[in-house]
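Asker: Reading the first sequence from the start, the letters are residues 167 to 578 in this note's numbering.
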Amino acid sequence: MRQSQLFTKTKKEVPKNEVSKNAQLLIRAGFVHKEMAGVYAFLPLGLRVLERIKGIVREEMNALGCQELIMTSLQRKDLWEKTDRWDDAKVDVWFKSTLKNGTEVGLGWSHEEQITEMMKNYLSSYRDLPANVYQFQTKLRNEIRAKSGIMRCREFMMKDLYSYSRTDEDHQKFYDAVIAAYHHIFERVGLGERTFLTFASGGAFTQFSHEFQTVTDAGEDIVYLDRAKKTAINQEVLTDAVVAQLGMDRAALEEVKTAEVGNIFSFGGTKSEQLGLTFKDSDGNTKPVILGSYGIGITRLMGVVVECFSDEAGLVWPESIAPFRVHLLSLGADEKASEIYDMLVAAGIEVLYDDRDVRAGEKFADSDLLGIPYRVVVGSRSLESGSVEVKRRTDTDAISVPFGALVEFFQK
RNA sequence: CGGGCUGUAGUAUAUCGGCAGUACGCGUGCAUGGGGUGCAUGUAGGCCGGGUUCGAUUCCCGGCAGCCCGACCA
167 MRQSQLFTKT KKEVPKNEVS KNAQLLIRAG FVHKEMAGVY AFLPLGLRVL
217 ERIKGIVREE MNALGCQELI MTSLQRKDLW EKTDRWDDAK VDVWFKSTLK
267 NGTEVGLGWS HEEQITEMMK NYLSSYRDLP ANVYQFQTKL RNEIRAKSGI
317 MRCREFMMKD LYSYSRTDED HQKFYDAVIA AYHHIFERVG LGERTFLTFA
367 SGGAFTQFSH EFQTVTDAGE DIVYLDRAKK TAINQEVLTD AVVAQLGMDR
417 AALEEVKTAE VGNIFSFGGT KSEQLGLTFK DSDGNTKPVI LGSYGIGITR
467 LMGVVVECFS DEAGLVWPES IAPFRVHLLS LGADEKASEI YDMLVAAGIE
517 VLYDDRDVRA GEKFADSDLL GIPYRVVVGS RSLESGSVEV KRRTDTDAIS
567 VPFGALVEFF QK
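#1: Which residue from 267, 339, 261, 408 puts its Cα closest to that of residue 298?
#2: What residue does the beta strand (DSSP E) around residue 387 start on, and which one ends it?
#3: With three or more beta-carbon pairs closer than 8 Å as the criterion, would you say the stretch 354-365 touches the stretch 482-493?
#4: Taking residue 256 as the reference, give the member of 471, 246, 264, 548 with the closest Cα.
#5: Residue 493 to residue 185, Cα distance in whole Å?
#6: Do residue 243 and residue 472 have their beta-carbon atoms positioned less than 8 Å apart in this structure?
#7: Around the C-beta of residue 514, are 16 or more other C-beta atoms found within 10 angstroms, so that it is buried, or is it exposed?
#8: Whole angstroms are fine: how far does the CA of residue 519 sit from the CA of residue 550?
#9: For residue 276, name the three-state secondary structure that DSSP assigns.
#10: Any idea what DSSP makes of residue 267, helix, strand or coil?
#11: Would you mind reading off the limits of the beta strand (DSSP E) that contains residue 454?
#12: Give me the residue from 478, 174, 400 with the minimum Cα distance to residue 374.
#13: The ligand ATP heavy atoms versus the CB of residue 538: any closer than 7 Å?
#14: Classify residue 236 as helix, strand or coil using the three-state DSSP reduction.
#15: Taking its Cβ as the centre, do 16 or more other Cβ atoms sit within 10 Å of residue 405, making it buried, or is it exposed?
#16: Quick check on residue 524: buried or exposed, where buried means 16 or more other Cβ atoms within 10 Å of its Cβ?
#17: Use the C-beta contact count for residue 181: other C-beta atoms within 10 angstroms, 16 or more gives buried, fewer gives exposed.
#18: What span of residues does the beta strand (DSSP E) with residue 400 cover, start to end?
#19: Can you find the residues in the same chain that come closer than 6 Å, C-beta to C-beta, to residue 459, ignoring five residues on each side of it along the sequence?
#20: Would DSSP call residue 568 helix, strand or coil?
#21: Just to confirm before moving on: does the CB-CB distance between residue 302 and residue 323 stay below 8 Å?
#22: Would you call residue 560 buried or exposed, if buried means 16 or more other Cβ atoms sit within 10 Å of its Cβ?
#23: Measure the alpha-carbon distance for residue 451 versus residue 444 and round it to whole angstroms.
#24: Tell me, to the nearest whole angstrom, how far the beta carbon of residue 555 is from that of residue 543; I am working on the premise that it is less than 8 Å.
#25: Tell whether a beta-carbon distance below 8 Å holds between residue 296 and residue 330.
#26: What's the C-alpha gap between residue 310 and residue 258?
#27: Can you tell me which of 281, 300, 306 puts its alpha carbon nearest to the alpha carbon of residue 262?
#28: To the nearest angstrom, report how far apart residue 175 and residue 192 are at their CA atoms.
#29: Check each candidate in 220, 389, 558, 316 and name the one with the smallest Cα separation from residue 539.
#30: I need the boundaries of the beta strand (DSSP E) containing residue 519, first residue and last residue.
#31: Throw me the rounded Cβ distance for the residue 223 and residue 464 pair, which I believe falls under 8 Å.
#32: Taking all protein chains shown into account, decide if residue 565 is buried (16 or more other Cβ within 10 angstroms of its Cβ) or exposed.
#33: Within 10 Å of its beta-carbon, does residue 226 have 16 or more other beta-carbons around it, so buried, or fewer, so exposed?
#34: Does DSSP classify residue 477 as helix, strand or coil?
#35: Could you please give me the residues that DSSP links to residue 543 through a beta bridge?
#36: Measure the C-alpha to C-alpha separation of residue 212 and residue 240 and round it to an integer number of angstroms.
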């Protein structure tokens, strides 16, 4: 894409009243627009990052044999009454509205009830199981206090997966496979080393749920980390008994601040019974479907990446989720730069080409702010030497690559 | 939901109970052209409502909005 055609602009000033690092940088770089507290629009560059994260998650979900669908934001009241979660006293994040005919509807803050109710239409025999479905959906939650930029919003993108299994054993097997897939996802977005499987409250259904917690000061959770085991215990369930049960040594646990990027739950058959989701097993008996739920906050994940990798000059995107792979800068060498741009694009490399008529300093500063992994500079020096300067966003020095070797450089 | 702070051009900020200033941005011109360049010039502002006052952007009250701390957070 030619940068002269990108409608967004960068800003030098940090937005007033915006303390969170991720929001400051994403707004300055033109990745997001803040509509109101906890509500952000994703602009072209931000959307590209979001889509790349979704792409990785989608690949991993599909590899588990999950099927993608999308539910609705408007939800029926009667569904939520079945599990006693319509009452504002029970769930305090509801946005609710009323149809013209007086019918009350809820705006989806979660889709467990709705999706499970729908699945009743399709799951009636053990032959229909297992079934695993997921979606990327905008969740609407009336948070009392939105904060931390895009990390805790009233409107945000979540991937939620629901598993329907025949037996506890089948369920457990899939649950473990999801854990492995989640590790893989966080690895791929660059957060693998600092993301830990964490034992957390299981609510009414099981003793523990599992969270994926990423170490960052921008987080809201406190977990106790066993680095050797790559697992942690959320402060909310930390007791001597729990530490002993999990075979950890309390003295070895390290207290760290983290952000929750994923959360997975086993519901057993309880929720299915509440909702009437049963199946006929091969022995002729009617049994509740065993249910699991698995979430990843896509927009929050993007915020956490920003928090973890950015520096004083701006954003730093891991290659796997960067909006573009290459940022091509023309310094008064538009003809040659355009030629290189066409060549790279033809080779299938995603390039943002800064073809604007602005000062070199501004181009460099913007390039650092946008955080695209590779910067390629074409200028008078290039024209003399027949090569371009290539620099990684995370490096301080550039290397020289001949014009003819450039495509190959980015293809490996 | 408890507590605290704040609302001045598109953005970031200053001043003041009596003509609202600066920087960035945006427009124009000239110069410049490898780390947000220089000079000149133009553009644009007091969140909303009420009160006090000769006069309110400033003081008071209410509303709305934003930020922070805590609580909350399948």
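Note that CB positions come from ideal geometry on N, CA and C, so glycine has one too.
Answerer: Well, looking at it:
#1: Here residue 298 corresponds to residue number 132 of the first sequence, with the count starting at 1. It is 339 whose Cα lies nearest to the Cα of residue 298.
#2: Numbered from its first residue, the first sequence carries residue 387 at position 221. Looking at the DSSP string, the run of the beta strand (DSSP E) that includes residue 387 is 387-392.
#3: yes
#4: Start at 1 with the first residue of the first sequence, and residue 256 comes out as number 90. Of all alpha-carbon atoms in 471, 246, 264, 548, the one lying nearest the alpha-carbon of residue 256 is that of 246.
#5: Residue mapping note: residue 493 aligns to position 327 of the first sequence, counting from 1. Residue mapping note: residue 185 aligns to position 19 of the first sequence, counting from 1. The alpha-carbon atoms of residue 493 and residue 185 are separated by roughly 28 Å.
#6: Taking the first residue of the first sequence as position 1, residue 472 is located at position 306. Taking the first residue of the first sequence as position 1, residue 243 is located at position 77. No, the pair does not count as a contact, with Cβ atoms beyond the cut-off.
#7: Within the first sequence, numbered from 1, the residue matching residue 514 stands at position 348. When all chains shown are included, residue 514 counts as exposed.
#8: Within the first sequence, residue 550 is the residue found at index 384, counting from 1. Within the first sequence, residue 519 is the residue found at index 353, counting from 1. Rounded to the nearest whole angstrom, the CA to CA distance from residue 550 to residue 519 is 21 Å.
#9: Taking the first sequence and counting its residues from 1, one reaches residue 276 at position 110. Here residue 276 sits in coil by DSSP.
#10: Taking the first sequence and counting its residues from 1, one reaches residue 267 at position 101. Residue 267 falls in the coil class under three-state DSSP.
#11: In the first sequence, residue 454 corresponds to position 288, counting from 1. 452-454 is the span of the beta strand (DSSP E), which, as asked, contains residue 454.
#12: Position 208 of the first sequence, counting from 1, holds the residue named residue 374. Nearest option by C-alpha distance: 400.
#13: For the ligand ATP, the structure offers nothing, since it holds no ligand at all.
#14: Here residue 236 is taken as the residue at index 70 of the first sequence, counted from 1. Under the three-state reduction of DSSP output, residue 236 falls in the coil class, being neither helix nor strand.
#15: As a first step, residue 405 must be located in the first sequence, where it is residue number 239. Flag for residue 405 reads exposed.
#16: Residue mapping note: residue 524 aligns to position 358 of the first sequence, counting from 1. The residue in question, residue 524, is exposed, as its Cβ has fewer than 16 Cβ neighbours within 10 Å.
#17: Numbered from its first residue, the first sequence carries residue 181 at position 15. So residue 181 ends up on the exposed side.
#18: In the first sequence, residue 400 corresponds to position 234, counting from 1. It spans 397-400 - the beta strand (DSSP E) in which residue 400 sits, taken as one unbroken run.
#19: Residue mapping note: residue 459 aligns to position 293 of the first sequence, counting from 1. For residue 459, where only same-chain residues beyond five positions count, the Cβ hits under 6 Å are 278, 328, 431.
#20: Looking up residue 568 in the first sequence gives position 402. Three-state result, residue 568: strand.
#21: If you number the first sequence from 1, residue 302 lands on position 136. If you number the first sequence from 1, residue 323 lands on position 157. A contact, by the Cβ cut-off of 8 Å.
#22: Along the first sequence, one-based indexing puts residue 560 at 394. By the neighbour-count rule (16 or more Cβ atoms within 10 Å), residue 560 is not buried but exposed.
#23: Taking the first sequence and counting its residues from 1, the one referred to as residue 451 is at position 285. Taking the first sequence and counting its residues from 1, the one referred to as residue 444 is at position 278. Their Cα atoms are separated by approximately 10 Å.
#24: To locate residue 555, count along the first sequence from 1; it is residue 389. To locate residue 543, count along the first sequence from 1; it is residue 377. Right, the Cβ-Cβ distance comes to about 4 Å (below 8 Å), so this counts as a contact.
#25: Translated into positions along the first sequence, residue 296 becomes position 130. Translated into positions along the first sequence, residue 330 becomes position 164. For residue 296 and residue 330, yes; Cβs fall inside 8 Å.
#26: For the purposes of this step, residue 310 is identified with residue 144 of the first sequence, where counting begins at 1. For the purposes of this step, residue 258 is identified with residue 92 of the first sequence, where counting begins at 1. If I take the Cα positions, the gap works out to 9 Å.
#27: Here residue 262 refers to the residue found at position 96 when the first sequence is read from its first residue. For residue 262, the nearest C-alpha among the options comes from 306.
#28: Within the first sequence, residue 175 is the residue found at index 9, counting from 1. Within the first sequence, residue 192 is the residue found at index 26, counting from 1. Straight-line spacing of the CA atoms in residue 175 and residue 192 works out to 11 Å.
#29: For the purposes of this step, residue 539 is taken as the residue at position 373 of the first sequence. The option with the nearest alpha carbon to residue 539 is 558.
#30: On the first sequence, position 353 is the one that residue 519 refers to. Where residue 519 is concerned, the enclosing beta strand (DSSP E) stretches over 517-520.
#31: Working through the first sequence from its first residue, we reach residue 223 at position 57. Working through the first sequence from its first residue, we reach residue 464 at position 298. Going by Cβ atoms, the distance from residue 223 to residue 464 rounds to 7 Å, so yes, they are a contact pair.
#32: Here the question's residue 565 lines up with position 399 in the first sequence. Exposed, because fewer than 16 other Cβ atoms sit within 10 Å of the Cβ of residue 565.
#33: Here residue 226 is taken as the residue at index 60 of the first sequence, counted from 1. Label assigned to residue 226: buried.
#34: By one-based count along the first sequence, residue 477 stands at place 311. Shown here, residue 477 sits in a strand according to DSSP, grouped into three states.
#35: Along the first sequence, one-based indexing puts residue 543 at 377. In the DSSP output, where bridge partners are listed per residue, residue 543 has 495, 555.
#36: The residue you call residue 212 lines up with position 46 of the first sequence. The residue you call residue 240 lines up with position 74 of the first sequence. Residue 212 and residue 240: Cα-Cα distance of roughly 26 Å.
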